[in-house]
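**Student:** Residue numbers (the working numbering), protein chains in the order written: chain A, 88 to 433; chain B, 88 to 433; chain C, 88 to 433; chain D, 88 to 433. All C-beta atoms in this analysis are idealised placements derived from N, C-alpha and C, irrespective of residue type, glycine included. Source: prediction; values computed, not measured.
1. Here's a check: name, in chain order, each residue in its chain whose Cβ is nearer than 7 Å to the Cβ of residue 35 (chain C), leaving out the five neighbours to either side.
2. What are the residues of the stretch 313-346 of chain D that lie near chain A, defined by any Cβ-Cβ distance shorter than 8 Å?
3. So which residues of chain C does residue 161 (chain B) contact, with C-beta pairs closer than 8 Å?
4. Quick check on residue 126 (chain C): does DSSP put it in helix, strand or coil?
5. Take residue 295 (chain A) as the anchor and find which of B:110, B:359, B:102, B:92 has the nearest alpha-carbon.
6. Quick check on this structure: which residue in C:403, C:304, C:248, C:421 has the alpha carbon closest to the alpha carbon of residue 220 (chain C)?
7. Here's a check: name, in chain order, each residue in its chain whose Cβ is nearer than 6 Å to the Cβ of residue 143 (chain D), leaving out the five neighbours to either side.
8. Please list the segments of the alpha helix (DSSP H) lying wholly inside the stretch 149-183 of chain B, counting only runs of 4 or more residues, in order along the chain.
9. Which word fits residue 180 (chain B), buried or exposed, when buried means at least 16 other C-beta atoms lie within 10 angstroms of its C-beta?
10. Would you mind giving the Cβ-Cβ distance between residue 232 (chain A) and residue 197 (chain A), rounded to the nearest angstrom? I have them listed as a contact below 8 Å.
11. Name the chain D residues whose beta carbon is nearer than 9 Å to that of residue 220 (chain A)?
12. Any Cβ of chain C within less than 8 Å of the Cβ of residue 178 (chain D)?
13. Round the Cβ separation of residue 394 (chain A) and residue 91 (chain A) to the nearest angstrom and send it over; I've been treating them as touching at under 8 Å.
14. According to DSSP, is residue 100 (chain C) part of a helix, a strand, or is it coil?
15. Check the Cβ of residue 96 (chain B) against every Cβ in chain A and list those closer than 7 Å, keeping chain order.
16. Relative to chain A, which residues along the stretch 358-392 of chain C have a C-beta separation below 7 Å, given in chain order?
17. Would you say residue 216 (chain B) faces chain C, with C-beta separation under 8 Å as the test?
18. By a C-beta neighbour count over all protein chains shown, 10 Å radius and 16 as the cutoff for buried, is residue 402 (chain A) buried or exposed?
19. Under a Cβ-count criterion, where at least 16 other Cβ atoms within 10 Å of its own Cβ denotes burial, should residue 45 (chain D) be classed as buried or exposed?
20. Of the choices D:125, D:108, D:273, whose alpha-carbon is the least far from that of residue 339 (chain D)?
21. Just the C-alpha distance for residue 176 (chain D) and residue 271 (chain D), rounded to the nearest angstrom, thanks.
22. Between the stretch 102-126 of chain C and chain B, which residues of the former have a C-beta closer than 8 Å to a C-beta of the latter?
23. For residue 257 (chain D), which of D:236, D:88, D:343, D:329 has the nearest alpha-carbon?
24. Drop a sphere of 10 angstroms on the beta-carbon of residue 216 (chain A), count the other beta-carbons inside from all chains shown, and report buried for 16 or more, exposed for fewer.
25. Where does residue 222 (chain B) sit, in a helix, a strand or coil, going by DSSP?
26. Who are residue 378 (chain C)'s beta bridge partners in DSSP?
27. So if I threshold CB-CB distances at 8 Å, which residues from the stretch 180-194 of chain C count as touching chain B?
28. Use the C-beta contact count for residue 210 (chain C): other C-beta atoms within 10 angstroms, 16 or more gives buried, fewer gives exposed.
29. Suppose only complete runs of 4+ residues qualify. What are the alpha helix (DSSP H) ranges in the stretch 199-275 of chain D, listed by chain order?
30. Can you give me, in chain order, the residues of the stretch 221-253 of chain D that have a beta carbon less than 9 Å from any beta carbon in chain C?
31. Where DSSP assigns a beta bridge to residue 287 (chain A), which residues make up the other side?
32. Out of D:289, D:418, D:430, D:385, which has the shortest C-alpha to C-alpha gap to residue 350 (chain D)?
33. When Cβ atoms are compared, which residues of the stretch 287-309 of chain C fall closer than 7 Å to chain D?
34. Just checking: is the beta-carbon of residue 148 (chain A) within a distance shorter than 8 Å of some beta-carbon in chain B?
35. According to DSSP, what are the bridge partners of residue 143 (chain A)?
36. Cα separation between residue 384 (chain C) and residue 208 (chain A)?
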């Protein structure tokens with residue numbers, strides 16, 4: 088009954104196999120290897136266009152490098168006020184960006200609405216020399232509240248952002264979960280909807296530690312190799328990070344793993360709803376936020392269930408309830424979900 | 088005949104096994120796991136004292152974080168002018184340190200002499216507000232020239248550094264190779280010789296991607312956890328980096344692997360000397376720098392040998408010779424060395 | 088009828104005289120001069136304690152250097168959401184602090200309440216490695232809304248801040264205006280109320296370009312000289328900035344100038360109230376925020392009055408009114424105020 | 088007998104007058120004033136082309152902002168190893184540039200030769216991802232050794248720099264002294280010789296505290312206004328810095344003041360030569376470096392002469408001599424020079 092986080096899961100077997108298989112002979116370091124070339128090609132194929140791809144070992148540094156690359160030091164990144172980059176990365180984007188500012192926007196269920204974005208851009212005081220200049224919009228897909236942006240929503244937001252000359256970035260730590268839910272291609276959910284660059288996550292999805300920064304306009308990625316190196320995020324035995332991503336993408340494994348995680352979230356959500364603890368936000372990825380009675384919370388923990396209580400982020404809950412976050416992963420077993428639900432029901 | 092770099096080697100089998108074994112069930116992310124606790128304990132045991140340990144995925148970020156932690160933004164790091172931190176990290180220490188300055192000192196065979204250090208500190212213009220303030224001495228062990236500092240040499244340099252209030256850092260990307268050569272304990276070669284903090288390398292030695300920043304005074308490591316996170320170098324599935332280091336240290340594996348690499352370097356050196364191409368610097372670790380005839384260079388490459396030509400760094404070679412660098416690793420086979428030497432002899 | 092800003096005023100005659108008088112012979116640069124020594128002494132006298140003082144030419148760099156000195160790169164500065172440091176300094180504190188985060192708190196009339204501060208500190212997610220660590224509270228005195236913190240209010244906020252280990256900083260660009268209003272000494276309004284460091288403003292008050300960073304615990308100012316130099320804010324012909332501050336402080340000139348500005352603001356406020364345009368926030372310094380009919384706004388501008396319209400910052404005004412900001416200075420003439428009010432009345 | 092530094096001089100009378108005259112009525116802050124517009128126009132006229140001009144209060148911040156604007160964070164600035172930016176600015180360029188690297192080149196008499204520059208660029212290890220990328224060449228005009236680059240020398244260096252895609256910057260803290268010596272126009276000594284941007288110094292030349300960053304291609308200066316503001320170097324009462332520069336440029340005052348300082352240096356040099364203490368480097372600006380007997384040094388100091396001993400920077404002097412630096416300024420009196428020389432002769 089482990090629902091604390093998807094990064095508490097291990098490595099998907101096919102990915103571990105790929106690491107082991109890559110461990111054969113010598114390969115030049117720093118990305119001058121066949122695995123890297125193949126995975127770059129695979130990304131281009133998958134996104135149906137030329138892309139510039141940079142592999143890094145962790146999601147925070149993917150976001151920080153990506154945002155620093157499209158935001159001048161006097162620039163601002165607009166994001167949801169509860170976005171991971173704003174609250175859980177200890178100032179990494181600010182550091183990598185040389186002191187850029189993250190501007191948090193409000194929004195229900197972790198999502199920024201077009202009205203909110205438009206109003207922030209049109210009515211805020213922006214621009215030099217006294218005010219920072221908005222340079223990027225960063226969307227979390229899926230969001231920190233387990234919801235997702237539909238392609239049309241991304242398009243609408245991107246259009247507003249582009250009209251104000253902002254680059255559009257997606258923090259895709261859980262992009263697989265979002266895509267597995269929607270009936271759209273990776274291209275449709277990203278650059279065809281106006282996305283300029285992407286932190287493509289694999290770690291939460293089943294890799295050991297592998298993320299990719301993807302520029303949909305390769306020219307925009309110029310010098311990211313330098314930035315990555317001096318940012319300390321270039322791995323020397325690079326073939327092993329490339330091998331992870333290659334296996335993750337092969338045959339759509341990433342979407343299969345994500346779909347399983349989503350299914351487990353749905354199963355949790357259904358059980359919770361049936362038990363009178365319906366999730367507070369739509370369950371669209373692999374996270375479920377449910378208000379449960381405080382004594383149920385205790386009972387679940389006593390039974391060994393692992394999960395976090397969560398700040399209600401503006402929602403008002405009955406006094407005797409607490410909001411909990413349940414995260415599923417590729418590794419979550421239906422039996423675990425069912426045991427959790429049985430314990431919930433008491 | 089692969090001698091281009093030790094980071095072109097793969098993962099030592101025991102370390103790959105450890106990754107696979109760690110892939111069992113769930114573990115909290117970010118270092119809150121048993122593997123991390125065990126490896127921290129193991130470091131303390133090995134160094135015979137309490138230490139503060141921070142694991143990171145790459146050597147550049149280990150150095151950059153370590154140096155930034157002991158150098159104020161208006162400070163300088165003194166190092167050999169050909170040190171990796173000065174020449175091969177694309178300004179990472181400067182970036183992580185908020186604009187610190189690296190001051191390169193000259194020195195034969197990659198080593199800084201006590202006289203050079205003393206003179207730089209005593210005769211340079213240092214100190215605020217106009218000049219930067221020396222804050223750290225960084226020594227590469229083994230050096231970029233394949234030589235090593237004996238414990239007594241480190242002690243002498245540390246004494247000078249400490250008398251001027253500098254912290255002493257070791258870039259130990261190849262610390263195992265240095266230690267395997269000397270008959271001293273890890274403690275004797277580090278804190279007992281005055282070293283304050285260490286970038287402990289495992290990647291070049293046989294890991295997939297794992298380094299440790301070690302503070303010998305744990306208090307000095309306060310807030311390094313924050314710096315590491317905002318520096319993008321905290322891995323979420325942290326157990327797998329800890330597992331690598333645990334296996335690397337277990338039973339002295341790291342020293343065994345290093346000793347093998349050193350032996351292969353010695354074998355190369357002996358053959359080169361016999362062929363009239365004696366190494367230009369003492370072969371004390373796993374790197375051999377030899378001046379070979381230009382046509383031999385061509386013949387070796389034609390035969391498939393992989394290695395780099397190297398700038399002679401102040402040495403004057405005969406016109407018809409070129410300096411080459413040969414790096415061995417845990418993976419180097421004696422047969423490969425012998426084939427290389429046979430080809431060399433023509 | 089010039090009420091656009093107090094930095095549109097010139098130099099107070101006594102200060103200009105002091106510059107001219109200082110222009111006699113030679114004086115060592117960078118603060119090694121008699122003017123600087125005298126003004127440092129004068130600050131200590133005025134604050135009734137030993138202080139460390141660093142002169143800089145502008146308010147933004149005073150704030151940025153001060154905050155950077157007490158906030159580690161992974162730290163946060165809590166301030167009012169409309170504070171100058173948060174909205175009008177183009178990210179200078181973030182830049183000088185190596186990527187620190189400014190966290191804006193809400194509050195009526197530009198002031199942070201104890202409840203708001205306590206709740207932010209107790210209920211926010213703070214601390215490493217994932218979240219930034221609050222390191223400083225910055226209060227604007229007077230505030231951007233023309234209000235002031237009483238010494239007892241500062242004390243209450245400082246106590247909360249100190250209990251959470253935050254340093255307390257005052258952005259005193261208009262400190263003179265605040266002090267001229269209250270019946271307390273500079274010491275009582277600062278360190279006796281718990282303030283740790285201060286950006287002491289003279290430019291808006293009548294200097295040409297002179298501010299002082301004051302540390303009430305001199306030890307805390309260690310190395311600020313280095314930070315100031317590398318921050319580009321150390322003037323070479325330093326005697327002239329010291330001379331400005333010496334004249335500003337001499338005989339309480341700064342408070343006399345501020346009192347005049349405050350009186351002019353009161354005169355404006357009284358006239359506005361009489362005309363049915365009572366200020367929306369208490370007029371406690373030299374700024375008046377008044378909701379005036381839109382056609383009156385036009386009439387005033389047509390008559391040559393200079394002032395800015397201002398965002399209502401959460402207030403709801405009648406549709407036919409606009410909020411304007413009127414700033415007075417040492418240079419404001421009563422006749423100008425009266426002419427403005429006459430024009431207002433139509 | 089004050090020869091310690093040209094920044095120990097005061098304000099040239101015409102410049103102090105200009106400050107006083109500008110102190111009339113109100114003027115919008117931050118450069119939105121007539122003085123600023125006029126001085127921008129004057130710069131364009133003087134340089135015979137459209138330029139982008141940004142005024143700042145000190146030379147260090149002028150250099151740091153200028154270099155940061157043309158050097159990416161992973162870039163390097165090549166300069167003479169004894170350049171002010173490399174040795175006397177406490178790391179300001181590194182800080183403002185987000186961790187850029189300054190690479191010091193050797194060179195006789197403070198000057199970089201074309202051969203040295205060419206060799207550094209062609210033979211150094213440059214470029215991503217492992218090495219920093221040279222992005223700017225910075226020349227000091229006059230140099231720290233009191234010598235100057237002729238226009239043809241600048242042209243030759245610029246051609247090499249441009250061929251390697253570097254921007255060419257001049258640290259013109261003493262540009263007036265250099266120009267007063269040569270029979271060329273400001274345009275010929277800068278952009279017509281390939282210079283891309285300039286730190287134009289006025290402070291050492293006679294201003295109170297005023298420097299200008301000049302971009303000869305205005306497009307290249309885009310967003311410097313933002314960088315200056317967040318770098319803390321935008322003055323609010325901006326008319327007074329503009330007034331200083333306006334007076335400095337009016338009627339060629341800056342060249343007249345510089346010519347006087349140069350003449351005083353020549354007078355010193357002639358006297359020193361006659362006394363057997365011929366300067367070690369050509370006296371081409373307002374600095375004289377002379378090896379004097381140690382007992383003469385004592386006698387001069389005892390007589391009240393103010394000057395610094397100077398490191399011989401590679402020269403070997405007789406044991407009984409010490410190198411001294413004498414700096415003249417617009418304020419230096421012939422009688423002072425003569426008294427110094429008389430004392431020297433004993």
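**Tutor:** On the basis of the coordinates in this document:
1. In this structure chain C extends from 88 to 433, so residue 35 (chain C) is not present and cannot be described.
2. 313, 314, 315, 316, 317, 321
3. Along the second chain, read from residue 1 onward, the residue named residue 161 (chain B) stands at position 74. Neighbours of residue 161 (chain B) on chain C, chain order: 310, 313, 314, 316, 317.
4. For the purposes of this step, residue 126 (chain C) is taken as residue 39 along the third chain, with counting starting at 1. Helix at residue 126 (chain C).
5. Along the first chain, one-based indexing puts residue 295 (chain A) at 208. The shortest C-alpha separation from residue 295 (chain A) is found at B:110.
6. Counted from its first residue, the third chain places residue 220 (chain C) at position 133. Among C:403, C:304, C:248, C:421, the Cα nearest to that of residue 220 (chain C) is on C:248.
7. Translated into the one-based positions of the fourth chain, residue 143 (chain D) becomes position 56. Answer for residue 143 (chain D): 149, 298, 320, listed in chain order.
8. 171-174, 179-183
9. As a first step, residue 180 (chain B) must be located in the second chain, where it is residue number 93. Flag for residue 180 (chain B) reads buried.
10. By one-based count along the first chain, residue 232 (chain A) stands at place 145. By one-based count along the first chain, residue 197 (chain A) stands at place 110. Confirmed, Cβ separation roughly 3 Å.
11. In the first chain, residue 220 (chain A) corresponds to position 133, counting from 1. Going along chain D in sequence order, the residues near residue 220 (chain A) (Cβ under 9 Å) are 310, 313.
12. The residue labelled residue 178 (chain D) in the question sits at position 91 within the fourth chain. So, interface residue.
13. The residue labelled residue 394 (chain A) in the question sits at position 307 within the first chain. The residue labelled residue 91 (chain A) in the question sits at position 4 within the first chain. Residue 394 (chain A) to residue 91 (chain A), Cβ: 6 Å. Contact.
14. Position 13 of the third chain, counting from 1, holds the residue named residue 100 (chain C). In this structure, residue 100 (chain C) counts as helix in the three-state DSSP scheme.
15. Indexing the second chain from 1 puts residue 96 (chain B) at position 9. Going along chain A in sequence order, the residues near residue 96 (chain B) (Cβ under 7 Å) are 113.
16. none
17. As a working note, residue 216 (chain B) is residue 129 in the second chain. Taking Cβ atoms only, chain C reaches closer than 8 Å to residue 216 (chain B), which makes this a yes.
18. As a first step, residue 402 (chain A) must be located in the first chain, where it is residue number 315. Exposed, by the Cβ-count rule.
19. The first residue shown for chain D is 88 and the last is 433, placing residue 45 (chain D) beyond what the model contains.
20. As a first step, residue 339 (chain D) must be located in the fourth chain, where it is residue number 252. The residue with the shortest Cα to Cα distance from residue 339 (chain D) is D:273.
21. The count along the fourth chain starts at 1 and reaches residue 176 (chain D) at position 89. The count along the fourth chain starts at 1 and reaches residue 271 (chain D) at position 184. Roughly 30 Å separates the two Cα atoms.
22. 117
23. As a position in the fourth chain, residue 257 (chain D) is number 170, starting the count at 1. Nearest C-alpha to residue 257 (chain D): D:236.
24. Within the first chain, the letter at position 129 stands for residue 216 (chain A). Per the 10 Å Cβ criterion, buried.
25. Here residue 222 (chain B) is taken as the residue at index 135 of the second chain, counted from 1. Residue 222 (chain B): strand per DSSP, three-state reduction.
26. The residue labelled residue 378 (chain C) in the question sits at position 291 within the third chain. C:410.
27. 185, 186
28. Numbered from 1 along the third chain, position 123 holds the residue referred to as residue 210 (chain C). Its Cβ having fewer than 16 others within 10 Å, residue 210 (chain C) is exposed.
29. 201-210, 238-250, 262-268
30. none
31. As a first step, residue 287 (chain A) is located in the first chain; it is residue number 200 there, counting from the start. In DSSP, residue 287 (chain A) forms a bridge with A:259, A:299.
32. The sequence position of residue 350 (chain D) within the fourth chain is 263, counting from 1. Selected option, being the one with the closest Cα: D:418.
33. 290, 295, 296
34. Numbered from 1 along the first chain, position 61 holds the residue referred to as residue 148 (chain A). With 8 Å as the cut-off, residue 148 (chain A) counts as an interface residue toward chain B.
35. Position 56 of the first chain, counting from 1, holds the residue named residue 143 (chain A). Answer by DSSP bridge pairing, in chain order: A:298.
36. Here residue 384 (chain C) refers to the residue found at position 297 of the third chain. Here residue 208 (chain A) refers to the residue found at position 121 of the first chain. C-alpha separation (whole angstroms): 26 Å.
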